[in-house]
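Structure first, commentary second.
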Amino acid sequence: MDIDALKAKLDQANQLYRTGGESPLSDAEYDYLLEQVNDQKFRDKVGYEIEKNKVELAVPMGSLNKIKTQAEVFDWSKSKSIPLDTEICVTPKYDGLSLLVYFVDGIYKGAYTRGDGMFGQDVGEHFTVNPLCDLRLPQDFTGYLIGECIMDEAKFQTKYSEKFKNPRNMVAGLLSRKTLSRELADVCYVAYGVRSAQMAHKQDQVEFCNRYINAQWKYKVLCPLYKLEDLKDAELQKVYDSETRFQCDGLVLEINDSDLFHQIGKETNSLNPGAARAWKPESDDSLPSIVKEVVWQISKNGAAKPVIRIEPIDLAGVTISNVTGINARFIEDSGIAKGATVTIIRSGDVIPKVIGVPNAIENVDLPKQCPSCESELVWNENRVDIVCENKLCPATNKAALIDFFSTLKADEVGEGIITSLWDAGYQSVKNLLNLTMEDLLKLEGFKQRKAKKVLDSIKISVVDVPLPRLQHASNLFKGLGEKKLELLQKYDQAGIKPSFEELLEVDGYSEISAKSYLDSIDAYWEFAAELPGLKYKKVLVNEGGMFAGQTLVFTGFRSPELEEQVKTEGGKIGSSVSKKTSVLVVKAKGSGSSKEKKAIDLGVEVWGRDDLENKLNSAEDEPEEMIGIEAPSDPEEQGELIQPDLF
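Heads up: the sequence shown begins at -9 in our numbering, then just goes up one per residue.
So this is what it looks like as structure tokens:
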């Protein structure tokens, strides 16, 4: 096919795709053919030329240049001279129809499709039957929302799948009609950008959308550019999983800082922003299967978590029969129940997940009662999980007990052992720590050797345990993990705690996390005072040590021992290389890893493991001032436990 014919074919497919017709090309085929066109202006062309209800857009609407690999991320940063510590906002990329919506004094005034980016179609009349026209923003807001019209996957399957090929075709087709369609009432609007005098940084725009728009995504990742080394890591995977109602076909990477965003400007001869990219991964193999049943398990926080049991399939060399159902909202919105057809994907070592429901079940019946205590299951405030609120629920407390010893790395005390002890009446942390050899030998399945291993593992778990780890294991601090609690470990005794204002000064603490800490700390000290044998690990910090005030990052190997020695010498352990990193420690210098290259580019010193070990071995001076943590000794001085029955 010659280049002109190829361009014509792509133009035709593009217009059909954007106006509700049936494109002869799949997304992957279109992207592949577009890459064969050696004409950047054509490749950067946005949308299609509008023929009816044509209006000039007040805000030009470009598209996004696409990238597929990690290498292309850093090629982008180099080509635009984007500093590696630049904060990037990562959000889901939806397969919807771009829409510009105008508000005056917080009231809806009109809506426009993207068209060719400069001229779009006035579709404001179409939305008089959609909840969008009734949306009220703050009275002082006059400006534009940028987002996408998109159809709820589950609603499409149950109401429209026989009439339309797919959700995107349905939305595009409805908007291109001359007459108003009542079906538009079911179309959702997802806002991801704001253009007004009040809004600047991308983070501000996202938070505005999350607060005021009806059908918005609730998740974003803010991270420096250098952390985007692996676009499939667990944190970025959350962006995919954060919104289960709509089809997500990639990620959007956008510079958060508005000044830098505008400084970089547009791509050459294009409306596409140079400070943003769409990341669309190569497609992975997937297979359909039939749902046999959905089983609900109660978590340590009382949330009923679904496990989807499917007819076994072989995917990526692994037989899969169980898949996570994520949460109750996902099950309900997706129409997943016995008899539904689900599409499963598994890439590399990633946990299998549902990426589509070709045959959904209408009106899914979620469980009304806790499978353990039969208490009513109620929606949480975000309407994501259904929760058992019974603080004495056996399943909740058993899950918390299992998690406690797992967090403390009690190797011989797994779920099976906990279950045996639970069934025998040992149902709290205190109960287990008070166990004796005689107690265990009375139980079925416990002989001398096994009993000793289990007992030793239980007792040792609370000896030399870091304060933040035990606080996290207690399950009292809602939303606070061990690393976040490490920032407050200087408050190491009952009665010594920061004020709310002091917490807000701690890096990473918001009003919500500060409140969580203060609401829980007194309960924690009372809980800890009742644990026999508890001995905190003294955190010895040499404030005049060789690494005082420095941050070291490890890559290529793990060594908890070396990390602890660095902390003892006053250093901190970082997770990623940045301009704030003091030293990058690699397994062997000259490996050519991406972290090592970034460290060199940033002027960060690079050591091999041997270099670090030699430095530590040469440290002969005694610590000048040591900070230690002792176990609490006087229960009378400590507050009351909020939920004593939990443990």
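We treat Cβ as the ideally placed atom computed from N, Cα and C, and that holds for glycine.
Of the residues the options, the one placed nearest residue i, counting alpha carbons only
{"i": "Gln147", "options": "Ile140, Asn421, Phe198, Pro157", "result": "Pro157"}
{"i": "Pro214", "options": "Ser572, Lys420, Asn607, Leu74", "result": "Leu74"}
{"i": "Lys569", "options": "Lys587, Val594, Met536", "result": "Val594"}
{"i": "Asp106", "options": "Ser260, Cys363, Tyr216, Pro488", "result": "Ser260"}
{"i": "Phe544", "options": "Gly561, Met536, Ile351", "result": "Gly561"}
{"i": "Lys168", "options": "Asp112, Arg319, Tyr150, Trp369", "result": "Asp112"}
{"i": "Leu524", "options": "Glu586, Leu606, Asp454, Val496", "result": "Asp454"}
{"i": "Gly240", "options": "Ala144, Asn55, Arg373, Lys68", "result": "Asn55"}
{"i": "Gln287", "options": "Ser362, Glu322, Glu586", "result": "Ser362"}
{"i": "Pro296", "options": "Glu322, Leu592, Ile310, Pro302", "result": "Glu322"}
{"i": "Phe254", "options": "Thr76, Asn349, Arg439", "result": "Note that residue 254 is Ile in the sequence shown here, rather than Phe. Here the closest residue by C-alpha is Thr76."}
{"i": "Glu491", "options": "Tyr507, Glu476, Ala484", "result": "Tyr507"}
{"i": "Ser396", "options": "Asn604, Ile408, Asn607", "result": "Ile408"}
{"i": "Lys290", "options": "Lys68, Tyr98, Glu405", "result": "Glu405"}
{"i": "Thr132", "options": "Lys153, Glu520, Phe93", "result": "Phe93"}
{"i": "Met536", "options": "Leu475, Gly264, Leu602, Gly471", "result": "Leu602"}
Outcome for residue i when other beta-carbon atoms lying within 10 angstroms are tallied against a minimum of 16
{"i": "Phe64", "result": "buried"}
{"i": "Leu125", "result": "buried"}
{"i": "Glu283", "result": "exposed"}
{"i": "Asn120", "result": "buried"}
{"i": "Leu367", "result": "buried"}
{"i": "Asn465", "result": "buried"}
{"i": "Val679", "result": "Residue 679 is absent from the model: the chain starts at -9 and stops at 637."}
{"i": "Phe436", "result": "buried"}
{"i": "Glu434", "result": "exposed"}
{"i": "Gly653", "result": "Absent from the structure is residue 653, since the part of the chain shown begins at -9 and ends at 637."}
{"i": "Asp375", "result": "buried"}
{"i": "Arg267", "result": "buried"}
{"i": "Asn317", "result": "buried"}
{"i": "Gln461", "result": "buried"}
{"i": "Leu542", "result": "buried"}
First and last residue of the uninterrupted beta strand (DSSP E) at residue i
{"i": "Val80", "result": "77 to 84"}
{"i": "Ala589", "result": "Where Ala589 is concerned, there is no enclosing beta strand (DSSP E), although the alpha helix (DSSP H) it sits in stretches over 584 to 592."}
{"i": "Gly346", "result": "343 to 349"}
{"i": "Gly100", "result": "97 to 103"}
{"i": "Phe146", "result": "Taken as a continuous stretch (DSSP letters only), Phe146 belongs to no beta strand (DSSP E), being part of the alpha helix (DSSP H) at 143 to 149."}
{"i": "Ser88", "result": "87 to 94"}
{"i": "Asp239", "result": "238 to 245"}
{"i": "Ala578", "result": "It is not in any beta strand (DSSP E) - Ala578 carries neither H nor E in the DSSP assignment."}
{"i": "Glu46", "result": "44 to 46"}
{"i": "Lys562", "result": "562 to 564"}
{"i": "Ile335", "result": "331 to 335"}
{"i": "Arg185", "result": "177 to 185"}
Coarse secondary structure for residue i, derived from DSSP in three states
{"i": "Ala266", "result": "strand"}
{"i": "Met536", "result": "coil"}
{"i": "Phe109", "result": "strand"}
{"i": "Ser503", "result": "helix"}
{"i": "Cys123", "result": "helix"}
{"i": "Cys213", "result": "strand"}
{"i": "Gln60", "result": "helix"}
{"i": "Met616", "result": "Caution is warranted here: a pLDDT of 41 is assigned to Met616, below 50, making its placement in the model unreliable, and no coordinate value can be reported."}
{"i": "Asp194", "result": "helix"}
{"i": "Val556", "result": "helix"}
{"i": "Arg167", "result": "coil"}
{"i": "Arg548", "result": "coil"}
{"i": "Lys388", "result": "helix"}
{"i": "Lys312", "result": "In the sequence as displayed, the identity of residue 312 is Asn instead of Lys. Asn312: strand per DSSP, three-state reduction."}
{"i": "Ile407", "result": "helix"}
{"i": "Asp375", "result": "coil"}
{"i": "Ala518", "result": "helix"}
{"i": "Lys399", "result": "coil"}
Start and end residues, alpha helix (DSSP H) containing residue i
{"i": "Asn604", "result": "599 to 607"}
{"i": "Arg299", "result": "Note, Arg299: premise wrong, no alpha helix (DSSP H); beta strand (DSSP E) at 294 to 305."}
{"i": "Gln461", "result": "457 to 463"}
{"i": "Lys474", "result": "472 to 476"}
{"i": "Val419", "result": "419 to 423"}
{"i": "Ile669", "result": "The structure shown has nothing for residue 669, since the chain only spans -9 to 637."}
{"i": "Glu492", "result": "490 to 494"}
{"i": "Val368", "result": "Segment 367 to 369 is the beta strand (DSSP E) holding Val368; no alpha helix (DSSP H) there."}
Chain C within 9 Å of residue i, Cβ atoms only
{"i": "Arg439", "result": "This model lacks chain C altogether; it includes just one protein chain."}
Quick check: the region 277 to 284 against the region 327 to 336, are there 3 or more CB pairs under 8 Å? yes
Segment contact flag, the region 400 to 417 with the region 425 to 439, C-beta cutoff 8 Å, min 3 pairs: yes
Taking contact to mean 3 or more Cβ pairs, one atom from each stretch, closer than 8 Å, check whether the region 511 to 521 and the region 541 to 552 are in contact. no
Could you check whether the region 385 to 392 touches the region 432 to 445, counting it as contact only if at least three pairs of C-beta atoms, one from each stretch, sit closer than 8 Å? no
Answer yes if the region 130 to 147 comes into contact with the region 77 to 92, meaning at least three C-beta pairs across the two stretches below 8 Å, and no otherwise. yes
Validate contact between the region 245 to 253 and the region 186 to 194 using beta carbons, cut 8 Å, 3 pairs: yes
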